[in-house]
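Protein chains in written order, with the numbering used here: chain A, 6 to 192; chain B, 531 to 675.
All C-beta atoms, glycine included, are put in the ideal place defined by N, C-alpha and C.
Written below as structure tokens is the structure these notes are about.
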């Protein structure tokens, strides 16, 4: 139960729950599933599963052709960042539409720490698929005292679809939005 | 560094309680930044030490997309290219920071056979000097043999 007297911010956040986080329509991935981004990821993580880059090897597997690493699901729809001012925005990639995260940033809860992630894959993605994502804000906790400072746990669920409106995957994500404690003030 | 697992892994050879070969990932600033950018995560805490420390973190730390990527890789290094991951669920603990290796371990917690396909659930743990960085489960399928 939210007490508006003791936590007006939490009361203000209530209206965001159960609503889209950010865009009210699915967001289109900036790029289709593509080999250059797969290669970049494969090299960065040194993942040598041949189904991601070797078409001959992939052809001998159940996949039949190159597929994207499943854990890249979220990568495809990451928003294009505006680098200038990203630190002042608490790491938010761009000045997004008014939403719960922005409201928390503005209220001083600019720190972000991911605490839980559940990725579900209906199938692996093929090169050339255009993804869309829709994010629904599932819940916001009461204010919590954490090792990082006072904060709120914010949970959202992203549904990923392709151009045929086929759901290819989902992700539940929980983030702690916290008010960074100034180490100098703690001594 | 790769796991020494023979492929193809035979589903019929697996048993609940089996341990996966452990894997040590030497975490460096480069590993963290390379993962952050490859997953298109430009949050300063994943590449800017001053910024991360101002947020109360000991150093830059690995983003969750990269952690998911390494969990996925840990499973497919073991299960091979015929395996298919259906679910990766993780709880994040302490940060993965430069200079502290991440030690991945895993154990089979369930095996279900349906016609010619096995569904296998594996518990996964990635630890460093702080303790658990990520703990959770991965569900994958493997064709029968």
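Per DSSP, reduced to three states, the secondary structure at residue 133(A) is coil, with no helix or strand assignment. The C-beta of residue 16(A) comes no closer than 7 angstroms to any C-beta of chain B. Cβ proximity to chain A below 9 angstroms picks out nothing from the region 628-655 of chain B. Residue pairing by DSSP puts residue 667(B) in a beta bridge opposite 619(B) and 653(B). Within chain A, 91, 92 and 96 have C-beta atoms less than 7 angstroms from the C-beta of residue 574(B), given in sequence order. When beta bridges are read from the DSSP output, residue 161(A) appears opposite 142(A) and 178(A). By the CB criterion at 7 angstroms, residue 564(B) and residue 575(B) fall outside the cutoff.
Ranked by Cα distance from residue 114(A), the options 34(A), 130(A) and 186(A) are led by 186(A).
Inside the region 539-599 of chain B, DSSP marks whole beta strand (DSSP E) runs of 3 or more residues at positions 553-555, from first to last along the chain. Excluding the 5 residues flanking it on each side, residue 41(A) has no same chain C-beta neighbour closer than 7 angstroms. By the neighbour-count definition (other C-beta atoms within 10 Å, threshold 16), residue 660(B) is an exposed residue. According to DSSP, residue 637(B) shares a beta bridge with 549(B) and 653(B). Residues of the same chain with a CB within less than 8 angstroms of the CB of residue 120(A), apart from the 5 flanking positions on each side, are 158, 179, 180 and 181 in chain order. Between residue 606(B) and residue 54(A), the C-beta spacing is below 7 angstroms. Interface flag for residue 582(B) against chain A is unset, since no Cβ pair is found closer than 7 angstroms. The region 648-668 of chain B and the region 615-623 of chain B touch, with no fewer than 3 CB-CB distances between them shorter than 8 angstroms. In this chain, the beta strand (DSSP E) harbouring residue 149(A) covers 149-151. Contact annotation: in the region 118-130 of chain A, residues whose CB is within less than 9 angstroms of a CB in chain B are 118, 119, 120, 121, 122, 123, 124, 125, 126, 127, 128 and 129. Bridge partners of residue 644(B) according to DSSP: 647(B). In the displayed model, residue 42(A) falls within a helix according to three-state DSSP. In the three-state DSSP reduction, residue 171(A) falls in the coil class, being neither helix nor strand. The beta-carbon of residue 599(B) is placed less than 7 angstroms from the nearest beta-carbon of chain A.
Of all residues in the region 147-176 of chain A, only 153 and 154 place a beta-carbon less than 8 angstroms from a beta-carbon of chain B. Rounded to whole angstroms, the Cβ separation of residue 627(B) and residue 557(B) is 7 angstroms, and the two are in contact under 8 angstroms.
Excluding residues up to 5 positions away in sequence, 116, 118, 181, 183, 185 and 186 lie with their Cβ nearer than 8 angstroms to the Cβ of residue 153(A) in the same chain. Inclusion of residue 631(B) and residue 554(B) in the CB contact set at 7 angstroms is warranted, their separation being smaller than that value. When Cβ-Cβ separations below 7 angstroms define contact, residue 45(A) makes contact with chain B.
Taking a beta-carbon distance threshold of 7 angstroms, residue 564(B) counts as an interface residue toward chain A. Classified as exposed, residue 48(A) has fewer than 16 neighbouring CB atoms from the shown chains inside 10 Å of its CB.
Per DSSP, the beta-bridge partners of residue 662(B) are 657(B).
Residue environment: residue 75(A) is assigned as buried (16 or more neighbouring CB atoms within 10 Å of its CB, all protein chains considered).
Scanning chain A for C-beta atoms nearer than 9 angstroms to the C-beta of residue 586(B) yields 116, 152, 153, 154, 183, 185, 186, 187 and 188, reported in chain order. Cβ-Cβ separation between residue 562(B) and residue 590(B): approximately 6 angstroms, consistent with a contact (criterion under 8 angstroms). The shortest CA-to-CA distance from residue 170(A) to any of 31(A), 26(A) and 27(A) is the one to 31(A).
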